[in-house]
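These notes are about the structure you will find just below.
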Amino acid sequence: MSRTPADLSSFTSEALGRVRARGPLVHCITNSVVVNFTANALLAAGAAPAMVDIPDEAGPFATVADGLLVNLGTPTAEQRAAMVEAAEAANATGTPWVLDPVAVGSLPVRTALAEQLRDLGPTVVRGNASEIIAVSGSGGGGRGVDATDDVEGAVESARALAVRTGGVVAVSGPVDVVTDGERLVRIANGDPLLTRITGGGCALGALMAAFAAVDDDRLATTVAAVTVYTVAAELAAKQSAGPGTFGPAFLDALASIDAADLDARARLS
Amino acid sequence: MSRTPADLSSFTSEALGRVRARGPLVHCITNSVVVNFTANALLAAGAAPAMVDIPDEAGPFATVADGLLVNLGTPTAEQRAAMVEAAEAANATGTPWVLDPVAVGSLPVRTALAEQLRDLGPTVVRGNASEIIAVSGSGGGGRGVDATDDVEGAVESARALAVRTGGVVAVSGPVDVVTDGERLVRIANGDPLLTRITGGGCALGALMAAFAAVDDDRLATTVAAVTVYTVAAELAAKQSAGPGTFGPAFLDALASIDAADLDARARLS
Amino acid sequence: MSRTPADLSSFTSEALGRVRARGPLVHCITNSVVVNFTANALLAAGAAPAMVDIPDEAGPFATVADGLLVNLGTPTAEQRAAMVEAAEAANATGTPWVLDPVAVGSLPVRTALAEQLRDLGPTVVRGNASEIIAVSGSGGGGRGVDATDDVEGAVESARALAVRTGGVVAVSGPVDVVTDGERLVRIANGDPLLTRITGGGCALGALMAAFAAVDDDRLATTVAAVTVYTVAAELAAKQSAGPGTFGPAFLDALASIDAADLDARARLS
Numbered sequence: 001m002s003r004t005p006a007d008l009s010s011f012t013s014e015a016l017g018r019v020r021a022r023g024p025l026v027h028c029i030t031n032s033v034v035v036n037f038t039a040n041a042l043l044a045a046g047a048a049p050a051m052v053d054i055p056d057e058a059g060p061f062a063t064v065a066d067g068l069l070v071n072l073g074t075p076t077a078e079q080r081a082a083m084v085e086a087a088e089a090a091n092a093t094g095t096p097w098v099l100d101p102v103a104v105g106s107l108p109v110r111t112a113l114a115e116q117l118r119d120l121g122p123t124v125v126r127g128n129a130s131e132i133i134a135v136s137g138s139g140g141g142g143r144g145v146d147a148t149d150d151v152e153g154a155v156e157s158a159r160a161l162a163v164r165t166g167g168v169v170a171v172s173g174p175v176d177v178v179t180d181g182e183r184l185v186r187i188a189n190g191d192p193l194l195t196r197i198t199g200g201g202c203a204l205g206a207l208m209a210a211f212a213a214v215d216d217d218r219l220a221t222t223v224a225a226v227t228v229y230t231v232a233a234e235l236a237a238k239q240s241a242g243p244g245t246f247g248p249a250f251l252d253a254l255a256s257i258d259a260a261d262l263d264a265r266a267r268l269s
Numbered sequence: 001m002s003r004t005p006a007d008l009s010s011f012t013s014e015a016l017g018r019v020r021a022r023g024p025l026v027h028c029i030t031n032s033v034v035v036n037f038t039a040n041a042l043l044a045a046g047a048a049p050a051m052v053d054i055p056d057e058a059g060p061f062a063t064v065a066d067g068l069l070v071n072l073g074t075p076t077a078e079q080r081a082a083m084v085e086a087a088e089a090a091n092a093t094g095t096p097w098v099l100d101p102v103a104v105g106s107l108p109v110r111t112a113l114a115e116q117l118r119d120l121g122p123t124v125v126r127g128n129a130s131e132i133i134a135v136s137g138s139g140g141g142g143r144g145v146d147a148t149d150d151v152e153g154a155v156e157s158a159r160a161l162a163v164r165t166g167g168v169v170a171v172s173g174p175v176d177v178v179t180d181g182e183r184l185v186r187i188a189n190g191d192p193l194l195t196r197i198t199g200g201g202c203a204l205g206a207l208m209a210a211f212a213a214v215d216d217d218r219l220a221t222t223v224a225a226v227t228v229y230t231v232a233a234e235l236a237a238k239q240s241a242g243p244g245t246f247g248p249a250f251l252d253a254l255a256s257i258d259a260a261d262l263d264a265r266a267r268l269s
Numbered sequence: 001m002s003r004t005p006a007d008l009s010s011f012t013s014e015a016l017g018r019v020r021a022r023g024p025l026v027h028c029i030t031n032s033v034v035v036n037f038t039a040n041a042l043l044a045a046g047a048a049p050a051m052v053d054i055p056d057e058a059g060p061f062a063t064v065a066d067g068l069l070v071n072l073g074t075p076t077a078e079q080r081a082a083m084v085e086a087a088e089a090a091n092a093t094g095t096p097w098v099l100d101p102v103a104v105g106s107l108p109v110r111t112a113l114a115e116q117l118r119d120l121g122p123t124v125v126r127g128n129a130s131e132i133i134a135v136s137g138s139g140g141g142g143r144g145v146d147a148t149d150d151v152e153g154a155v156e157s158a159r160a161l162a163v164r165t166g167g168v169v170a171v172s173g174p175v176d177v178v179t180d181g182e183r184l185v186r187i188a189n190g191d192p193l194l195t196r197i198t199g200g201g202c203a204l205g206a207l208m209a210a211f212a213a214v215d216d217d218r219l220a221t222t223v224a225a226v227t228v229y230t231v232a233a234e235l236a237a238k239q240s241a242g243p244g245t246f247g248p249a250f251l252d253a254l255a256s257i258d259a260a261d262l263d264a265r266a267r268l269s
């Protein structure tokens, strides 16, 4: 039940292998800024993306998908209805789903929606420190998509949120934190270039949905997704001349990363 | 009237030259995932993209455009209205138009819309095997954007659909098939990396609309678009380290591909 | 008050330094085609993008943002409402804002909206020659996103529009023109590849909003944005094999461009 960091590290390679072997169908309702990059990140990792984000289709589709991502980045009225429909359908069929509450806190429409979705019990909530604090109900929230709070300052909010949802909560930052309310894992991988491209965090949420589809230990699958993603960023940074060439290099790295890369670089604690 | 494969091969270079010389204005109503890649693919090939996808603008614009793409990937309510408006306007003025019925079959909103659009008589219908079977009315359809049926299994559906619409039908796969109901051409080009990026098929639909603008033999223009596109994929694969770098390399290849490349590589039968 | 071309040239490096140091929060309401590239261009240049484009959020957000971009490329009904809300809020708080009237002229919905927004007094209006002529009320407008008029033919319209809005007007083309109605600056930088990728002009509008946030002389900040952008295009063209690899190279160049590059290449008059 309670994997050690070493167990989680070896599980990461195993989970990546399962994603590639099974090609989980990941249903995404996400924002217009990152939707292309998110689909390409899923494809690179071996999953099968499908962006079905209108009412009357999102619900039925969530029941056949292997995982679902609900990302609040640019929530149109149709998407908002589709998100609730999809989350409820996912709950009904046991499809794991990830909530990414982008920029919640002061923006009224998405903040109310995030609270509604939170109360539907997402399998995973992923955000930066400000977003996690805001959606946990324990603090203010940032001015946009950048975290104004730091990850360690969000740890107690993350634990409380995980207890509240009965799921897993992941806080992105220089060191990522993943918790199920009891266990808490830190992943000290990544590269600053990941913050210099848009969608660096959003596509990670999609990857968490893909990994959640291949095992029931969602703390472990979430740690695996973060580790694969942030180690791929390290590999990509070595091939990049700046943020522009980093994007394609990162997708290449997601496609080529293997157990040896993960063993050599993963820094879990 | 009835070009041989050798004729079609030489026509492909000629049609590419016309696209580059004339820069046809291609009106696209397409999905949020691939809209950027589609516009860039058209620009790379020498065409002029314009994404006009709201009601009251889509109809008038389709009458001045040289070609129209209607892609059902993420069909918002406004886009759905715009699609019908544009298709009817295109019919009224003789603007060639391409229908790409993404993921039709089990998803109810787009499936009904695809049937409505099919009955308006698209110049070209492009899809994977599952989509073509579904829109032809002869079978089930896949679970998402991936074909669960194979291309050869869709040939009879494609022929029947072409007869029904009075147009051309193209089925994408490892070997692409293009038919007008009578003639049937196979194009055995391409690279698996084209399936590892999102929009690999969607942008091809846009290219078919660009090529349809430069000649009235739409079997020939559709074969030309497929051939240019899939040979460009082969050239790009040689320059790529993975799916991330393949995307930019593919756009470069669309811009640089010439008659010599096509002569050396095109595999039509 | 009245900077010379040499002053503007040295101001450009200074303004770029301020953007990188301050990371202005740029609120964008923009089209689906270029939204990803626009966010990445802002990040590369050192600004912080936030795409908040729904009613009830766009207004409040414009009051906390450092700059606002309103781009009419694919204006959904929700975005149209959000644009007016944001522009009015920006005016109320003095947030500088840029209007990019994409493809106005013959398309009825956006043309009426562009006139409404123009009359709200944008800090900067940016477009190609046809768009500037159309939004100035002095001529016809093109058939799509490509200018059918040339830049010099739009100079008088640009001056008149600047007088009318009380702001700055920028006309993009082989030689860019920026005017506040009195002063007129020409920037003879850039590369044709910038016209072979979608969003080449749209992302420049976002950069203008970022630069407008760091100084009150908006003729100077607009010239600075154009100069940084078009010199970056020259640097990127040297690293590119075509339009596909130009995109990533351009973002790299925006991130790495420095005063030496600007001094060596800027051609202001």
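Read top to bottom, the protein sequences are chains R, G and B.
Per the UniProt record's numbering, the very first residue in the first sequence carries number 1; after that it's consecutive.
Per the UniProt record's numbering, the very first residue in the second sequence carries number 1; after that it's consecutive.
Per the UniProt record's numbering, the very first residue in the third sequence carries number 1; after that it's consecutive.
Yeah, the Cβ is synthetic: ideal placement off N, Cα and C, and Gly gets one too.
If you're wondering where the values come from, they're calculated on a predicted model, not measured in any experiment.
With DSSP run on the structure shown, which of helix, strand or coil describes residue i?
i, result
"G:I257", "coil"
"G:P49", "strand"
"R:A170", "strand"
"B:T12", "helix"
"G:G94", "coil"
"G:I133", "helix"
"R:R3", "coil"
"G:R18", "helix"
"G:A36", "According to the sequence displayed, residue 36 of chain G carries Asn and not Ala. Of the three classes helix, strand and coil, the one that applies to G:N36 here is helix, per DSSP."
"R:D100", "strand"
"B:D176", "strand"
Can you give the Cα-Cα distance for residue i and residue j, rounded to whole angstroms?
i, j, result
"R:A170", "R:T195", "17 angstroms"
"R:A62", "R:A87", "8 angstroms"
"B:S9", "G:G105", "59 angstroms"
"G:F11", "B:V124", "48 angstroms"
"B:Q79", "R:L42", "28 angstroms"
"B:P108", "G:D53", "13 angstroms"
"B:V185", "R:V19", "56 angstroms"
"G:A129", "R:A232", "34 angstroms"
"B:G141", "G:A90", "With a pLDDT of 46 at B:G141, under the threshold of 50, the modelled position of that residue is not reliable, and no figure is offered here."
"G:R222", "R:N71", "The displayed chain sequence assigns Thr, not Arg, to residue 222 of chain G. Roughly 37 angstroms between the two C-alpha positions."
"R:G73", "R:L99", "11 angstroms"
When the cut-off is 9 angstroms and only beta carbons count, does residue i lie next to chain G?
i, result
"B:G205", "no"
"B:L107", "yes"
"R:M83", "no"
"R:Q116", "no"
"B:T76", "yes"
"R:A47", "no"
"R:F61", "yes"
Looking at the C-beta of residue i, does it have a partner C-beta in chain B at a distance below 9 angstroms?
i, result
"R:G73", "yes"
"R:A103", "yes"
"R:V70", "no"
"R:R196", "yes"
"G:V35", "yes"
"R:P248", "yes"
"R:T30", "no"
Comparing alpha-carbon positions, which option in the options lies nearest residue i?
i, options, result
"B:S136", "B:P96, B:G173 and B:G181", "B:G181"
"R:G173", "R:P243, R:Y229, R:A210 and R:N91", "R:Y229"
"B:S32", "B:G199, B:E14 and B:I257", "B:G199"
"G:H27", "G:G59, G:V163, G:K238 and G:P243", "G:G59"
Can you find a C-beta in chain R that's less than 9 angstroms from the C-beta of residue i?
i, result
"B:V52", "yes"
"B:V64", "yes"
"B:R158", "Strictly speaking, residue 158 of chain B in this sequence is Ala, with Arg absent from that position. Chain R contact via Cβ: absent."
"residue 287 of chain B", "Here chain B comprises residues numbered 1 to 269, so residue 287 of chain B is not present and cannot be evaluated."
"B:D56", "yes"
May I ask whether a heavy atom of the ligand SAM can be found less than 8 angstroms away from the beta carbon of residue i?
i, result
"B:T63", "Among the components modelled here there is no ligand, and therefore nothing to report on the ligand SAM."
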